[in-house]
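Here is the structure we will look at, set down as structure tokens.
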Amino acid sequence: MLYNFVVKRGQEDIFVDAWTNLTDLIYKHEGSLGSRLHKSETQQYIAYAQWPNEFVFDKAGSNLPEEADAYRDAMRTSCEKIEVLQKLEVVKDVLKQTPNV
115 MLYNFVVKRG QEDIFVDAWT NLTDLIYKHE GSLGSRLHKS ETQQYIAYAQ WPNEFVFDKA
175 GSNLPEEADA YRDAMRTSCE KIEVLQKLEV VKDVLKQTPN V
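The opening residue of the sequence shown carries number 115 in the working numbering; numbering runs sequentially from there.
Here it is as structure tokens:
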């Protein structure tokens with residue numbers, strides 16, 4: 115999945131914190147493979163979420179703890195716009211992990 119977030123000025127830290135915490139919960143409770151968040155020079159953030167397969171993605175959403183609602187609300191409040199850009203299928207993955215510096 116490819117997501118677009120337009121974040122309100124002054125709300126960047128709130129958005130990134132909420133996105134990070136919600137993404138961690140989705141990883142722990144829903145079976146995602148994780149996500150990456152990128153920022154452009156403007157207030158636009160692009161996130162890429164990867165799932166093991168479409169079945170796991172389609173079933174996701176019912177296993178999250180209540181705290182997920184607070185993170186979702188914080189994300190909605192901190193954004194002017196949230197949209198799904200694309201639902202994509204992984205064809206080949208050559209992304210390398212770099213050691214933490």
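For glycine and all other residues, C-beta sits at the position ideal for the given N, C-alpha and C.
- Approximately 6 Å separates the beta-carbon atoms of A188 and I128; this is inside 8 Å, confirming the contact.
- When DSSP states are grouped into helix, strand and coil, V170 belongs to the helix group.
- Secondary structure note for R190: its alpha helix (DSSP H) is the uninterrupted segment 181–192.
- The residue among V208, V130, D138, P179 with its C-alpha nearest the C-alpha of I160 is V130.
- Closest in C-alpha terms to L209, from the list S176, Y162, D172, comes Y162.
- Between T137 and Q200, the alpha-carbon positions lie close to 18 Å from each other.
- In this structure, N177 keeps its C-beta atom at 8 Å or more from the C-beta atom of E155.
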